[in-house]
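Residue numbers (this note's numbering): -7 to 183. Where a beta carbon is used, it is the ideal one built from N, C-alpha and C, also for glycine. Here the structure is a predicted model, which is why all the values come from computation and not from measurement. Structure first, then comments.
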């Protein structure tokens, strides 16, 4: 992070207690790293700094919405994950399906599937959680074509400001977040 775009610092690694406390802070970021969030119900020594809140927010964004196209990464028989050198991009038809995109995190939902559901999966490619099962299922993501289908754009409706892209039939994909750092908790009521 940086306050003046000249001096840069690393955000701290949050622990469970910091995650718990920062989850109770609502509203936009102040922008001042010396500001201390005060919680009147707890001791003053336990107050949180904006750097802690920023670290927790970045961690939550990466966990909730970082996505990659299916096949961009491969898991070896030893369980190691590598960038797939043979990935040539999704086809135009595949790129327009939410089921062709996966969360780039340790799988959470995959372990809840039955053996029958896992039987159709490719262990080397389908080792991540697909985004089409995110809750709410019919409204967590917006998938659009740009430039006449030359670029596929995914936008998260949970974290407004998150955009992922993929150029079909190429190895080009990525994502970025340019938002206020507030999760859209009203999404289920908006659909």
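Fewer than three beta-carbon pairs drawn from the stretch 125 to 138 and the stretch 68 to 77 are found closer than 8 Å, and the two stretches are therefore not classed as touching. The continuous stretches of alpha helix (DSSP H) do not include residue 156, which lies in the beta strand (DSSP E) extending over residues 154 to 158.
Burial state of residue 93 is buried, judged by a 10 Å Cβ sphere holding 16 or more other Cβ atoms.
Inter-residue distance for residue 180 and residue 152 is about 14 Å (C-alpha atoms, whole angstroms). The stretch 80 to 96 makes no contact with the stretch 45 to 52; the number of CB pairs closer than 8 Å stays below 3. If you ignore the 5 residues before and after residue 126, its C-beta comes within less than 6 Å of the C-beta of 132, all in its own chain and listed in chain order. When beta bridges are read from the DSSP output, residue 1 appears opposite no residue. Rounded to whole angstroms, the Cβ separation of residue 150 and residue 61 is 20 Å, and the two are not in contact under 8 Å. In the DSSP secondary-structure assignment, residue 95 is bridged to 59. In the three-state scheme derived from DSSP, where H, G and I count as helix and E and B as strand, residue 138 is classed as strand.
Note on geometry: alpha-carbon atoms of residue 167 and residue 111 lie some 31 Å from one another. Just measuring C-alpha positions, the residue of 164, 54 and -1 sitting nearest residue 78 is 164.
When DSSP states are grouped into helix, strand and coil, residue 11 belongs to the helix group. The Cβ-Cβ distance between residue 65 and residue 55 does not fall below 8 Å. By the C-beta density criterion, residue 14 is buried, having at least 16 other C-beta atoms within 10 angstroms.
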